[in-house]
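Chains as they are written, first to last, in the numbering used here: chain A, 1 to 392; chain P, 393 to 784. Please read the structure below before turning to the comments.
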């Protein structure tokens, strides 16, 4: 540094208000929650304006929902403005790869004249939320967002965080931002039409967060495997609420909500999961891929002498009893040119995504995560074999 | 709100480190500032990697600069990695309207395999900085950015903030984000080739911030009109440093760095400025438009009885002596269909940009800004007439 240099170091602190709400029948006329929330924002000389995006799959499963949303805003017309009929948008992982869809969302926000004090409301699964919230986060440098997630996975994990994004260049979430939503409203009534596969998918993320953060919560899950699997609403509500709280606690207290450092403790089981999803062309749902990813990492950790066989068995049994097929044949698929397992490429991709340093979360025992900076290739291959032999 | 609702209110706090550096000859081999800054970031298992974007106009004016940047990284090759030759990018306001250019920046970042712990360095004027930093802020949800602004305007205003953006749908900064750069390095040597028009353009923003925030600084400017106008390097360095510090002070202490509320005290003179720039197809440079915008608002404020004639005259004289042509004939151009002044549309556009509420900063006297929530149309038209009569 030259002697005449002047260096001024500043800290810039930004505070976001984040409202996490659990309500029932959020678009029923006798439920004023949404009306109240939308009017909590600072005044803008009139009724707050809202543009609603509605997941097409959800709309098909709940044929009256779109009309119900319109009726809700009509009922509260003294205090709310809906800019037009809710816009239907295709959901699922593939939507995040669709750049035209992303552009259409931006155009729709522009057409509706949504300003920084108006709202974009998105009702749907995690992919639709990611896509719409990313678009809203870059219009006018960020428009207020209300997330109303409609799957277990979105209500307890994907939809309640502060990240968003779309895929590009064959990389998951290559484009995206950190942008805390104005509010998240979890409504268990929206879950009623989920397929069983998607129902349990969200439970895998709750198991994950319990394993990392809260042994008591894991014990509670073990005691409630039957009601959780069999769609008991009271049980799933409790699971979602605890899981969502643990996520928000992590975001608030980690000291690094925008993930400027390398640690990602919540990504337990995720390097395998991301790769399995891509290799399967997204036919393996996210939670199922995470279940497999956690078990693979546990088998690896057992081989390395870090986790007991009893703990690995207890966690495997938990996931099996919830209905997960843990072993995925794709784990063994070899690249014909190199004879390497394709799954191993996931490690490098995860490394680049994290920012150059590999940081894999493993588990000593329930509630005791730790980080490793490398995975030994011959040991992970041996772990894959052991995984197959012991679970099939 | 339904009685069984649960509402959890959280605060999410995010802290950014922001380094503002004044150095000379930042790409001279004997200047280790950039090397030091790039190595201040958290480790990534090797030498930090950098991708450099270089403003084409700057490169033309400083023909050796691109090679000099390459030589710099070669000299520091033990501790730095350059991903490739600096990429030339066209500058000026029109670049921000070019969505293909924006896509090309994203593709270039992807091609260079820039991760979240690598750097995008941008050397150029405010528009190139806005464009490149917006792209970098959404790749992998935000890549570290180093801004090296090359105009007076970029060094004291446009380049030292935390905003970025591009234009879309004929609206300035329709897309963009708030993303504090890792560092800003101001190097007065880069200013030597600026046209006189661009040289004084940046001084207008310093006059603005002095008028709003720092009467002593305004007095200093009044005493240094001749050296400032005549490109005395010592004077311009002092002006840039004080102006940049006042900006950062505002961002840090306003309590609202991401502008979630409506107030924009730094936008004094800017509603007229934005509109004048568009109406002139960007032939009126930003600082010149701001100078005109401030004087129009002062004439309005004088008519309303809020500002003394003496203050308006003092500020007008200051700007005139710096070389600004204050009266712009475009202020009078009428829309043939409506007979309305086109400039008045700027008020509505500014209102939407702010988020639905008009908030115009005016000046009681130097150092005493205040906000009004409306502008009376007949009075502003009368102010335009008075402005023309008194300054032409």
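For each residue, glycine too, the CB sits at the ideal point set by N, CA and C. Predicted model, so just to flag it, every value in this text is computed and none were measured.
Nearest-angstrom Cα distance between residue i and residue j?
i                      : j                      : result
residue 397 of chain A : residue 123 of chain A : The question about residue 397 of chain A has no answer here: the residues shown for chain A are numbered 1 through 392.
residue 68 of chain A  : residue 561 of chain P : 32 Å
residue 8 of chain A   : residue 700 of chain P : 37 Å
residue 140 of chain A : residue 181 of chain A : 15 Å
residue 770 of chain P : residue 40 of chain A  : 35 Å
residue 298 of chain A : residue 315 of chain A : 9 Å
residue 178 of chain A : residue 390 of chain A : 40 Å
residue 549 of chain P : residue 162 of chain A : 30 Å
residue 464 of chain P : residue 261 of chain A : 28 Å
residue 85 of chain A  : residue 49 of chain A  : 13 Å
residue 623 of chain P : residue 543 of chain P : 13 Å
residue 214 of chain A : residue 367 of chain A : 6 Å
residue 127 of chain A : residue 692 of chain P : 50 Å
residue 486 of chain P : residue 675 of chain P : 10 Å
residue 657 of chain P : residue 34 of chain A  : 32 Å
residue 88 of chain A  : residue 74 of chain A  : 19 Å
residue 678 of chain P : residue 593 of chain P : 7 Å
residue 496 of chain P : residue 468 of chain P : 28 Å
residue 506 of chain P : residue 530 of chain P : 12 Å
residue 259 of chain A : residue 121 of chain A : 25 Å
residue 687 of chain P : residue 81 of chain A  : 38 Å
residue 522 of chain P : residue 729 of chain P : 36 Å
residue 717 of chain P : residue 702 of chain P : 20 Å
residue 643 of chain P : residue 681 of chain P : 23 Å
residue 457 of chain P : residue 5 of chain A   : 21 Å
residue 92 of chain A  : residue 198 of chain A : 11 Å
residue 399 of chain A : residue 23 of chain A  : Coverage of chain A is limited to positions 1 through 392, which leaves residue 399 of chain A absent and any answer about it impossible.
residue 709 of chain P : residue 614 of chain P : 10 Å
residue 79 of chain A  : residue 488 of chain P : 38 Å
residue 36 of chain A  : residue 517 of chain P : 45 Å
Can the beta-carbon of residue i be found less than 8 Å from the beta-carbon of residue j?
i                      : j                      : result
residue 146 of chain A : residue 116 of chain A : no
residue 734 of chain P : residue 599 of chain P : no
residue 450 of chain P : residue 500 of chain P : no
residue 175 of chain A : residue 166 of chain A : yes
residue 193 of chain A : residue 274 of chain A : no
residue 617 of chain P : residue 713 of chain P : yes
residue 754 of chain P : residue 743 of chain P : no
residue 236 of chain A : residue 246 of chain A : no
residue 333 of chain A : residue 340 of chain A : no
residue 271 of chain A : residue 360 of chain A : yes
residue 723 of chain P : residue 776 of chain P : yes
residue 186 of chain A : residue 21 of chain A  : yes
residue 640 of chain P : residue 552 of chain P : yes
residue 243 of chain A : residue 277 of chain A : no
residue 556 of chain P : residue 525 of chain P : yes
Give me the chain A residues within the contact set of residue i, using Cβ-Cβ distance strictly less than 8 Å, ordered along the chain.
i                      : result
residue 400 of chain P : 19, 20, 21, 245 and 248
Quick one: measure Cβ to Cβ for residue i and residue j, integer angstroms, because I've assumed they're closer than 8 Å.
i                      : j                      : result
residue 135 of chain A : residue 102 of chain A : 6 Å
residue 13 of chain A  : residue 407 of chain P : 5 Å
residue 239 of chain A : residue 212 of chain A : About 15 Å separates the two Cβ atoms, so there is no contact after all.
residue 695 of chain P : residue 575 of chain P : 45 Å between Cβ atoms; not a contact.
residue 511 of chain P : residue 430 of chain P : 6 Å
For residue i, which residues in chain P fall below 7 Å Cβ to Cβ?
i                      : result
residue 257 of chain A : 404 and 406
residue 97 of chain A  : What residue 97 of chain A touches in chain P: nothing, since even the nearest Cβ is about 15 Å away.
residue 176 of chain A : 530 and 533
Please compile the residues from chain A whose C-beta is within a distance smaller than 9 Å of the C-beta of residue i.
i                      : result
residue 676 of chain P : Those within 9 Å of residue 676 of chain P in chain A number zero; the least Cβ separation is about 24 Å.
residue 644 of chain P : 10, 11, 12 and 13
Give me the chain A residues within the contact set of residue i, using Cβ-Cβ distance strictly less than 7 Å, ordered along the chain.
i                      : result
residue 572 of chain P : 12
residue 397 of chain P : 21, 22, 23 and 33
Identify the contact partners of residue i in chain P, using a Cβ-Cβ distance below 8 Å as the criterion.
i                      : result
residue 162 of chain A : 404
residue 189 of chain A : In chain order: nothing, as chain P lies at least about 12 Å away.
residue 165 of chain A : 533
Find the residues of chain P that neighbour residue i, judging by a C-beta separation of less than 9 Å, and give them in chain order.
i                      : result
residue 110 of chain A : 560, 561, 563 and 566
Cβ-based contacts, 7 Å cut-off: residues of the segment 12-43 of chain A near chain P: 12, 13, 14, 15, 16, 17, 18, 19, 20, 21, 22, 23, 24, 31, 32, 33, 36 and 42
Contact residues within the segment 137-148 of chain A, judged by C-beta distance below 8 Å to chain P: 137, 138, 139, 140, 141 and 142
Interface residues of the segment 270-299 of chain A facing chain P [CB-CB below 7 Å]: none
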